[in-house]
Amino acid sequence: MPLERVYISDSLGKAETTLKSGEEKLTSCGQEQNYSLLNFWRWSVSDILSNATRGRLAEFIVATATNIDIKQVRDEWGAYDLETPEGVKVEVKSAAYLQSWEQNSLSKISFSTKLSKPWDWEIDRRSNVAVRSADVYVFCLLHHVDKQTVNPLNMDQWEFYVLATEELNNYKRSQHSITLNSLRRLTKSVLYNELEQEIREKDKLKQKNKD
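Written as structure tokens, this is what we have:
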């Protein structure tokens, strides 16, 4: 069979993603198969303790705590993770003592704080300058230490630390990561239901310094 000529679209800009229901089916030769997108989700992300999935779950948790519209699709390539209804740009980091794999000891807690070169959609390439694009950082720690009862969906097993980006920029030690001890010297932990107010308070620090 001769190979079909592949035509490249005139537009290779950002793809528009719509929110899925989970009922969407695999198709083959125009026929629906007995496998849905929900089947894929269950198969691929049921391990919410794993590093990759826990990170996205942490973003979801912060979004729900701050009344962000979760009917909007998560932006994989955004310069920051979330934006509150008040316009506060939020970067979310997560860590946990427990991992999915077999452990000899609890994991040491450290959060990445590296500057990054965000994608600039106007020029369709990454910025040449590494920056911290968010106004506020939220460090989410799954502090539970019993694998038999760990449940990342239980907000009582998490604690949250919020820093204004300026506080990170002024941090005198490593600019690549921050340990839990250092974080606790800079700020106190808050609960899930206190997170929204804490983010607002930290954002006020940025506004105050602007004035």
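Add 5 to a position in the sequence shown, counting from 1, and you land on the number used in this note's numbering. Where a beta carbon is used, it is the ideal one built from N, C-alpha and C, also for glycine. All figures in this text were calculated on a predicted structure; none of them were measured in a lab.
Looking at the DSSP output, Ser121 bridges to Val136. In this structure, Glu64 is the residue among Glu64, Thr23, Ser55 with its C-alpha nearest to the C-alpha of Tyr197. In the displayed model, Ile204 falls within a helix according to three-state DSSP.
When the beta-carbon positions are compared, Ala139 and Asp86 come within less than 9 Å of each other.
Cβ neighbours of Ala68 within its own chain (closer than 6 Å, five residues either side excluded): Ile75, Leu87. With fewer than 16 other Cβ atoms inside 10 Å of its own Cβ, Ser33 counts as exposed. Annotation: the stretch 30–117 contains the following complete segments of the beta strand (DSSP E) (minimum length 3 residues), in chain order: 30–33, 36–41, 94–101, 115–117. As for any alpha helix (DSSP H) of minimum length 4 sitting wholly inside the stretch 141–204, the runs are 170–174, 185–191, ordered along the chain. Scanning Val93, Glu201, Gly35, Lys177 for the CA closest to the CA of Arg190 turns up Lys177. Cα atoms of Gln153 and Met160: separation of roughly 17 Å, rounded to the nearest angstrom. Val141 counts as buried, since at least 16 other C-beta atoms from the protein chains shown sit within 10 angstroms of its C-beta.
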